[in-house]
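Visitor: Protein sequences appear in the order of chains A and B. Quick note on the working numbering: the first sequence kicks off at 1 and runs consecutively. Quick note on the working numbering: the second sequence kicks off at 298 and runs consecutively. Here you go, one structure.
Number of protein chains: 2
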Amino acid sequence: MVQVVPPERIHLVVNVGDDLEMWGLHISPDIDSILYALSDRLDWVRGWGVRGETFRCLAAMEALGQPAWFQLGDSDLATHLYRTELLRSGLTLSATIERLASSMGVRSRVMPATDDRVRTRIETVNGMLDFQEFFVRERWRPEVRSVVFAGAAEARVPEPVLHSIREARAVIVAPSNPITSIGPILAIPGIRDALRCTRAEVVAVSPIIGNAAVSGPAGKLMDACGHEVSPIGVARCYHDFLDLMVIDTSDKELASSIRYDTIGVEVTDILVHNAEDAAQLARFVVSKADENSFVAS
Amino acid sequence: MVQVVPPERIHLVVNVGDDLEMWGLHISPDIDSILYALSDRLDWVRGWGVRGETFRCLAAMEALGQPAWFQLGDSDLATHLYRTELLRSGLTLSATIERLASSMGVRSRVMPATDDRVRTRIETVNGMLDFQEFFVRERWRPEVRSVVFAGAAEARVPEPVLHSIREARAVIVAPSNPITSIGPILAIPGIRDALRCTRAEVVAVSPIIGNAAVSGPAGKLMDACGHEVSPIGVARCYHDFLDLMVIDTSDKELASSIRYDTIGVEVTDILVHNAEDAAQLARFVVSKADENSFVAS
Numbered sequence: 001m002v003q004v005v006p007p008e009r010i011h012l013v014v015n016v017g018d019d020l021e022m023w024g025l026h027i028s029p030d031i032d033s034i035l036y037a038l039s040d041r042l043d044w045v046r047g048w049g050v051r052g053e054t055f056r057c058l059a060a061m062e063a064l065g066q067p068a069w070f071q072l073g074d075s076d077l078a079t080h081l082y083r084t085e086l087l088r089s090g091l092t093l094s095a096t097i098e099r100l101a102s103s104m105g106v107r108s109r110v111m112p113a114t115d116d117r118v119r120t121r122i123e124t125v126n127g128m129l130d131f132q133e134f135f136v137r138e139r140w141r142p143e144v145r146s147v148v149f150a151g152a153a154e155a156r157v158p159e160p161v162l163h164s165i166r167e168a169r170a171v172i173v174a175p176s177n178p179i180t181s182i183g184p185i186l187a188i189p190g191i192r193d194a195l196r197c198t199r200a201e202v203v204a205v206s207p208i209i210g211n212a213a214v215s216g217p218a219g220k221l222m223d224a225c226g227h228e229v230s231p232i233g234v235a236r237c238y239h240d241f242l243d244l245m246v247i248d249t250s251d252k253e254l255a256s257s258i259r260y261d262t263i264g265v266e267v268t269d270i271l272v273h274n275a276e277d278a279a280q281l282a283r284f285v286v287s288k289a290d291e292n293s294f295v296a297s
Numbered sequence: 298m299v300q301v302v303p304p305e306r307i308h309l310v311v312n313v314g315d316d317l318e319m320w321g322l323h324i325s326p327d328i329d330s331i332l333y334a335l336s337d338r339l340d341w342v343r344g345w346g347v348r349g350e351t352f353r354c355l356a357a358m359e360a361l362g363q364p365a366w367f368q369l370g371d372s373d374l375a376t377h378l379y380r381t382e383l384l385r386s387g388l389t390l391s392a393t394i395e396r397l398a399s400s401m402g403v404r405s406r407v408m409p410a411t412d413d414r415v416r417t418r419i420e421t422v423n424g425m426l427d428f429q430e431f432f433v434r435e436r437w438r439p440e441v442r443s444v445v446f447a448g449a450a451e452a453r454v455p456e457p458v459l460h461s462i463r464e465a466r467a468v469i470v471a472p473s474n475p476i477t478s479i480g481p482i483l484a485i486p487g488i489r490d491a492l493r494c495t496r497a498e499v500v501a502v503s504p505i506i507g508n509a510a511v512s513g514p515a516g517k518l519m520d521a522c523g524h525e526v527s528p529i530g531v532a533r534c535y536h537d538f539l540d541l542m543v544i545d546t547s548d549k550e551l552a553s554s555i556r557y558d559t560i561g562v563e564v565t566d567i568l569v570h571n572a573e574d575a576a577q578l579a580r581f582v583v584s585k586a587d588e589n590s591f592v593a594s
């Protein structure tokens, strides 16, 4: 997206349900991946962390008998140390992320969906797990019964997040896991209302092609939560605020089943292999949002 | 010393006046050097930290605009993270060091001189500096006016420290800086009393040969505190509890000036170049302590 829109015009509302405390540090995996991507440090091969990372501290922690299943890299640790120190000094998560982003030269606005504590917990046949325990430690293998967003009902949306949604030229729901990446954001009171009320076109790109997630446990979790694992299922997750759904060319015959009331559908190649593919998809999404928008830009 | 005495019989009472907080972590440089030495990980060339250390997190912290003058290595960080987490959970410093030592396979007993906050502060012509600011950041260059041990007067000695001093077969005052390494220990009420009252022989090895410290700012700081920079000056720092002073062969003509009342002097080669020299000096010190001791062992 930053290849086709001036970065400073992009506001990102990011999931904090995956956050965890490890070694006394506050870790925000989703936010960090975005900060690293936007500062051109993300390890795209691994999909997380910093390129060329080392894991010396992790090895030393393991030698001390401390938990080492969550792979904290040596460079990455600086992000967690700095954030944790700022949080302990009394800053909100939003303010700490603003400082981190600025220190990393990120020009887009990266906003946690809430400053309050929201934790995605996965009820499995073996008991309740924190999201990262399920996703990383157990490699999303246990059978899932349900997903809860602990703290979401009591969490507050920061005013700048609401403002960004209300005043946006377009709202793009990223092709992320609808249950555990987008879900914890939507579970915070006020977010769905803002999405329903914004004058901007709300466009979602499907994270599902055919009957499988492009990556990760989205399919497994959608299924566990009673949603059809298909672009149709994704559209239903967003039924109350979605204006436009972008699905893959290979799913074009689903368009008529998704189109409903005010929900439109656009078809293109959504499987992204490289930066060029990503730019092309971003350009497509932005142009379709503009075409359909009633907002004077 | 661990080469000549069973490690589990060695109790170390260690300075915490050099401790500092950095990046939200509690760092105990003196204790850590001892833990690394006793677990055979100390970088003897540098004199601190872990052998083969890397500094990736430090570089990332510097890139974030955070203080980077105190060289925290990636492996070393694990020690600080673990200690800080244990302290935050409510454990005393003594208890956290006990856990760290045990995790590292250290069989000797490593004890902070106090669980309370004592901070060595150096009054320089440019103002007050914390010890590490003076020692590391300013490379002990500023002219020194005085040294204070903030918090020492209010600090309490843990009972096991007093017990170790009282029940020891010998007490060895290491050839450390008398002002900023031994001084902050002696400044804690109860320690000098215990040293005066113990039945064990109290032996000090001089950190000064001739008129200069073997390493570091001991000479500069002794001078600033009004002490003669010589083995005689060192003996005077310990005058009220010292039984035996070990000085270098090259200083043997000072022996008669140091001998006083109950203070004896032994002469040997105290400049240590390698593990073999160290073992020889340790054997000498232990044998002299035994010879002079009235304690049945």
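Virtual Cβ for every residue (Gly too), placed ideally from N, Cα, C. None of these values were measured; they are calculated from a predicted model.
Starting from B/Asp-427, follow the beta strand (DSSP E) in both directions and report where the run begins and ends.
Guide: Residues 424–427.
Visitor: Using 8 Å as the Cβ pair cut-off and three pairs as the minimum, do the stretch 157–173 of chain A and the stretch 264–281 of chain A touch?
Guide: The stretch 157–173 of chain A is not in contact with the stretch 264–281 of chain A.
Visitor: Which of helix, strand or coil does DSSP assign to B/Met-298?
Guide: Reduced to three states, the DSSP call for B/Met-298 is coil.
Visitor: Does A/Tyr-82 have its Cβ less than 7 Å from a Cβ in chain B?
Guide: True, the Cβ-Cβ gap to chain B drops below 7 Å.
Visitor: At which residue ranges does the stretch 125–202 of chain A contain complete beta strand (DSSP E) runs of 3 or more residues, listed in the order of the chain?
Guide: Those beta strand (DSSP E) runs which fall completely within the stretch 125–202 of chain A and span 3+ residues are 127–130, 144–150 and 170–173.
Visitor: Is the beta carbon of A/Gly-24 less than 7 Å from the beta carbon of B/Ser-400?
Guide: It is not a contact, given that the beta carbons lie outside the stated cut-off.
Visitor: Which residue or residues does DSSP assign as beta-bridge partners of B/Thr-417?
Guide: Its beta-bridge partners are B/Phe-446.
Visitor: Decide if the stretch 482–494 of chain B is in contact with the stretch 328–345 of chain B; the criterion is three or more beta carbon pairs, one per stretch, under 8 Å apart.
Guide: The answer is no - the stretch 328–345 of chain B does not touch the stretch 482–494 of chain B, with fewer than three Cβ pairs under 8 Å.
Visitor: If contact means a Cβ-Cβ distance below 8 Å, which residues of the stretch 401–428 of chain B contact chain A?
Guide: Correct list: Met-401.
Visitor: 7 Å is my cut-off, CB to CB: does A/Gly-65 come that close to chain B?
Guide: It does: the Cβ of A/Gly-65 has a partner Cβ on chain B nearer than 7 Å.
Visitor: Indicate whether at least one CB of chain A lies closer than 7 Å to the CB of B/Gly-349.
Guide: Answer no: the Cβ-Cβ gap between B/Gly-349 and chain A never drops below 7 Å.
Visitor: For B/Ser-499, count the other beta carbons within 10 Å of its own beta carbon; 16 or more makes it buried, fewer makes it exposed. Which is it?
Guide: First, the amino acid is wrong: residue 499 of chain B is Val here, not Ser. So B/Val-499 counts as buried.
Visitor: For the stretch 201–213 of chain A, which residues have a CB atom closer than 9 Å to at least one CB atom of chain B, in sequence order?
Guide: Within the stretch 201–213 of chain A, no residue has a Cβ that lies closer than 9 Å to any Cβ of chain B.
Visitor: Report the three-state DSSP secondary structure of A/Pro-112 (helix, strand or coil).
Guide: Three-state result, A/Pro-112: strand.
Visitor: Where does A/Val-80 fall in DSSP's three states?
Guide: A small correction: the amino acid at residue 80 of chain A is His; Val does not occupy that position in the sequence shown. Of the three classes helix, strand and coil, the one that applies to A/His-80 here is helix, per DSSP.
Visitor: Residues of chain A with CB under 7 Å from B/Glu-382, in chain order?
Guide: Residues of chain A passing the Cβ test: Trp-23 and Gly-24.
Visitor: Just the chain A side, please: which residues come within less than 8 Å of B/Cys-354 by C-beta, in chain order?
Guide: By Cβ distance, chain A contributes Cys-57, Asp-74, Ser-75, Leu-77, Ala-78 and Leu-81.
Visitor: Measuring CA to CA, which of B/Glu-420, B/Ala-375, B/Gly-487 and B/Glu-350 is closest to B/Ala-410?
Guide: Per the Cα distances, B/Gly-487.
Visitor: Give the C-beta separation of B/Leu-390 and B/Asp-412 to the nearest angstrom, bearing in mind that I take them to be a contact with Cβ-Cβ under 8 Å.
Guide: So it is a contact: roughly 5 Å between Cβ atoms.
Visitor: Given that a residue counts as buried once 16 or more other Cβ atoms are within 10 Å of its Cβ, and exposed if not, what is A/Ser-206?
Guide: Counting Cβ neighbours within 10 Å, A/Ser-206 comes out buried, since at least 16 surround it.
Visitor: Can you look up B/Glu-563 in the DSSP assignment and give me helix, strand or coil?
Guide: Residue state, collapsed to three classes: strand.
Visitor: Report all residues from its chain with a CB closer than 6 Å to the CB of A/Gln-3; omit the five preceding and five following residues, and keep chain order.
Guide: These residues qualify, in order along the chain: Ala-279.
Visitor: Closest by CA to A/Ala-213, which one among A/Leu-271, A/Val-265 and A/Val-173?
Guide: Among A/Leu-271, A/Val-265 and A/Val-173, the Cα nearest to that of A/Ala-213 is on A/Leu-271.
Visitor: Quick check: what's the CA-CA separation for B/Glu-440 versus B/Val-531?
Guide: One C-alpha to the other measures close to 21 Å.
Visitor: Would you say B/Met-298 reaches chain A, if we count a Cβ-Cβ gap shorter than 7 Å as a contact?
Guide: It does not: the Cβ of B/Met-298 has no partner Cβ on chain A nearer than 7 Å.
Visitor: Distance, Cα to Cα, A/Ala-296 vs A/Arg-199?
Guide: With a pLDDT of only 39 at A/Ala-296, under the threshold of 50, the placement of this residue in the model should not be trusted, and no figure is reported.
Visitor: Given a cut-off of 7 Å on the beta-carbon distance, is the pair B/Cys-522 and B/Val-444 in contact?
Guide: Yes; because the gap between Cβ atoms is below 7 Å, this pair is in contact.
Visitor: Quick one: is B/His-524 buried, meaning 16 or more other Cβ sit within 10 Å of its Cβ, or exposed?
Guide: Result: buried.
Visitor: Using the Cα positions of A/Gly-47 and A/His-26, report the straight-line distance between them to the nearest angstrom.
Guide: Going by the C-alpha atoms only, they are around 20 Å apart.
Visitor: I need the boundaries of the alpha helix (DSSP H) containing B/Val-342, first residue and last residue.
Guide: That residue, B/Val-342, is in no alpha helix (DSSP H); it is neither H nor E in DSSP.
Visitor: So, is the C-beta of B/Arg-385 closer than 7 Å to a C-beta in chain A?
Guide: Closer than 7 Å to some Cβ of chain A, the Cβ of B/Arg-385 qualifies, so yes.
Visitor: Exposed or buried, which one is A/Lys-288 when buried takes at least 16 other CB atoms within 10 Å?
Guide: Burial call: buried.
Visitor: Going by beta carbon distance, what residues of the same chain come within less than 7 Å of A/Gly-105, once the five residues before and after it are set aside?
Guide: So the list reads Ser-39, once near-sequence residues are dropped.
Visitor: Quick check on B/Arg-353: buried or exposed, where buried means 16 or more other Cβ atoms within 10 Å of its Cβ?
Guide: Its Cβ being crowded by 16 or more others within 10 Å, B/Arg-353 is buried.
Visitor: Does any CB atom of chain A fall closer than 7 Å to the CB of B/Ala-334?
Guide: Answer no: the Cβ-Cβ gap between B/Ala-334 and chain A never drops below 7 Å.
Visitor: Checking contacts by CB at 7 Å: is A/Leu-60 closer than that to chain B?
Guide: A quick correction: the sequence has Ala, not Leu, at residue 60 of chain A. By this cut-off, A/Ala-60 is an interface position.
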